[in-house]
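The letter at position 54 of the sequence shown is residue 55 when you use the working numbering, and the numbering goes up by one with no holes.
Quick reminder that beta carbons are idealized off the backbone N, C-alpha and C, glycines included.
Being a predicted model, the structure only gives us computed values, none of them experimental.
One structure below.
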Amino acid sequence: MTELGLIGIRNLTFGAVTVLLIAGCSSTNATAPSLPPNQPSQSTPTQAGLEVFYSQQIDWRNCGDADCTTFEVPLDYQEPQGDRVTLSMSKVRARGESIGSLFVNPGGPGGSAFEYAKAADYIVTDQVRESFDVVGVDPRGVGFSDTIRCLTDEQIDALISADGSPDTELEESRLILDAGFIGQACENSGNPLIAHMSTVEVAKDMDIARALVGDPVMNLLGKSYGTTIGITYLELFPSRVGRMVLDGVLPIYLNQFEVTQSQAEEFEVLLRYFVVDCVEQNDCPLTGSVDQGVQQIREFLLKLDAIPLVGDQGRELTEGLATFAILSYLYFPQYDFPELRAALSSAMNQGDPRELLKLLDQRISREPEGRYTDNSSDAFYAVSCLDLPVTQSVDQVREFAERLAISAPTFGKSLGWGVLACKDWPYSAQTVITITPNTSAPVMLVTAENDPATPAIWATDVAVKLGNAELVVWEGGYNHTAYLEGSDCVTDRVDAYLLEGIISPGTTTTCN
2 MTELGLIGIR NLTFGAVTVL LIAGCSSTNA TAPSLPPNQP SQSTPTQAGL
52 EVFYSQQIDW RNCGDADCTT FEVPLDYQEP QGDRVTLSMS KVRARGESIG
102 SLFVNPGGPG GSAFEYAKAA DYIVTDQVRE SFDVVGVDPR GVGFSDTIRC
152 LTDEQIDALI SADGSPDTEL EESRLILDAG FIGQACENSG NPLIAHMSTV
202 EVAKDMDIAR ALVGDPVMNL LGKSYGTTIG ITYLELFPSR VGRMVLDGVL
252 PIYLNQFEVT QSQAEEFEVL LRYFVVDCVE QNDCPLTGSV DQGVQQIREF
302 LLKLDAIPLV GDQGRELTEG LATFAILSYL YFPQYDFPEL RAALSSAMNQ
352 GDPRELLKLL DQRISREPEG RYTDNSSDAF YAVSCLDLPV TQSVDQVREF
402 AERLAISAPT FGKSLGWGVL ACKDWPYSAQ TVITITPNTS APVMLVTAEN
452 DPATPAIWAT DVAVKLGNAE LVVWEGGYNH TAYLEGSDCV TDRVDAYLLE
502 GIISPGTTTT CN
């Protein structure tokens with residue numbers, strides 16, 4: 002959960018669906034016996050007053066690529082008899098005989114699981130498609146579920162273009178005002194749902210969805226923020242966990258400073274990796290050593306801070322927009338690097354910002370005329386600021402940004418200041434979850450060794466805290482998430498667990 006220019010950099014998982022084959026796999030321990038595919042039914046609510054939600058009838062209808070339905074959940078789980086929220090759910094049926102549902106979530110916060118499930122042919126293997134119904138539920142406030150909207154398109158444009166790395170007192174004052182504006186806009190919208198978009202509430206919604214599709218346990222493929230939902234579900238409903246794959250692990254116990262520091266430093270690693278790749282290509286705008294190439298990008302950003310490049314209809318490429326664009330295209334090197342390289346070449350060599358702006362628009366769901374096609378920015382902050390409130394003072398944020406400017410010189414200052422958006426958020430979460438040793442079914446944690454958005458150390462730490470998880474590491478992998486991203490070993494290990502229940506709890510599997 003990282004902010005830049007006061008609009009969040011979501012943990013993106015949609016951009017990479019093609020498999021790159023990389024061989025090699027070794028495990029530190031023998032495989033445990035397979036898990037049974039079905040467990041005793043667990044369809045009764047764990048909280049009084051929720052019976053009506055667990056027993057409601059749903060009607061599936063054809064919606065093109067999937068079957069779709071809606072269902073209701075309480076707005077406030079502490080007052081289940083009060084207002085309700087309507088959630089949208091999609092299901093792509095198994096090609097063969099189904100062994101149950103596999104719920105999927107692509108991350109965010111703010112990503113549409115409803116749409117993600119409809120891309121089932123690309124997000125899981127043919128073998129998994131044969132055996133599982135792939136199901137996606139848009140979280141409360143997101144996508145096709147009852148939604149929120151705090152900011153107009155023009156306000157998002159202004160905030161995302163803002164100078165996220167202030168150099169003067171005036172720039173700093175403006176940034177502080179902008180940061181406070183996001184929370185004020187959400188409060189002024191008058192939508193009570195904004196106060197009830199915490200991950201705890203989302204996980205409770207997921208258990209209702211599980212019961213309504215008729216599954217005794219929750220099988221889940223969660224990526225990025227989707228792992229946060231999975232971990233939270235594991236803590237709330239340990240006896241209802243089936244086969245859970247958490248890919249690109251985002252812990253529930255870190256604060257905004259800890260998350261931002263790790264991400265900023267890992268994005269610097271990926272930037273260097275981009276430069277290594279770039280200088281070997283004919284169309285690279287960078288020259289010299291890796292250090293020199295990185296410095297050329299930093300100098301390019303500094304020039305934009307003074308004089309933005311002007312594109313179509315007078316739209317400017319500011320330092321904030323360029324930094325956001327570069328960061329957004331470091332997630333999936335195999336797919337992103339060629340596009341980023343070409344766009345940087347146009348901007349740095351020809352002074353043409355159009356391609357870099359186009360790349361950014363693709364990642365933030367912005368159409369050329371300036372219309373945003375989803376509410377992912379609003380949802381990102383509603384969830385992030387409930388889950389990870391910022392209680393530090395402005396002086397502490399300033400000191401944090403200055404420290405990050407040293408450890409992550411390209412991105413650190415902007416990312417450090419970005420935590421301000423959650424300071425003095427007008428709402429607070431009602432329940433806080435911590436990770437305890439897992440005594441239920443073992444789960445599988447997956448990570449790429451060099452993941453900029455969800456650093457591998459997080460997966461390692463969660464594995465230690467859970468105790469009985471298997472950790473699968475894509476050694477040498479530069480990518481956000483690892484399943485179906487290039488390692489046959491990772492893919493095979495995950496599939497064996499999902500399809501046959503084969504897992505080695507408490508061990509680490511290293512895939513090369």
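- Rounded to the nearest whole angstrom, the CA to CA distance from G111 to Q297 is 33 angstroms.
- M207 places its beta carbon 9 angstroms or farther from that of F54.
- In the three-state reduction of the DSSP assignment, A95 falls in the coil class, being assigned neither a helical nor a strand state.
- Spatial neighbours of A497 in its own chain (CB-CB distance under 6 angstroms, excluding positions within 5 residues in sequence) are listed in chain order as I503.
- Distance from S378 to L235 at the Cβ level is roughly 29 angstroms; contact not present, criterion being Cβ atoms closer than 8 angstroms.
- Under the three-state reduction of DSSP output, C512 falls in the strand class.
- For W475, the enclosing beta strand (DSSP E) stretches over residues 471 to 479.
- For S162, the enclosing alpha helix (DSSP H) starts and ends at 154 to 162.
- Proximity to D306 across I100, T319, G315, D313 peaks at T319, based on C-alpha coordinates.
- T153 is classed as exposed because its beta carbon has fewer than 16 other beta carbons within 10 Å across all chains shown.
- Spatial neighbours of R355 in its own chain (CB-CB distance under 8 angstroms, excluding positions within 5 residues in sequence) are listed in chain order as G312, D313, S347.
- Taken through DSSP and simplified to helix, strand or coil, F72 comes out as strand.
- Counting only runs of at least 4 residues, the segment 77 to 125 fully encloses the following alpha helix (DSSP H) elements, listed from N- to C-terminal order: 114 to 119, 121 to 124.
- When Cβ pairs closer than 8 angstroms are counted between the two stretches, the segment 442 to 453 is seen not to touch the segment 195 to 210, the count staying below three.
- Excluding residues up to 5 positions away in sequence, E131, S132 lie with their Cβ nearer than 8 angstroms to the Cβ of G97 in the same chain.
- The secondary-structure analysis by DSSP pairs L318 across a beta bridge with L310.
- In this structure, P140 sits away from V433, with a CB-CB distance that is not shorter than 9 angstroms.
- M207: member of the alpha helix (DSSP H) spanning 200 to 213, first to last residue.
- Residues L446, A470, L472 of the same chain have their beta carbon placed closer than 6 angstroms to that of A464, with the five preceding and five following residues left out of the count.
- Distances from the alpha-carbon of E403 to those of S99, S166, V74 put S166 closest.
- Note on G108: 16 or more other CB atoms within 10 angstroms of its CB, so buried under the neighbour-count rule.
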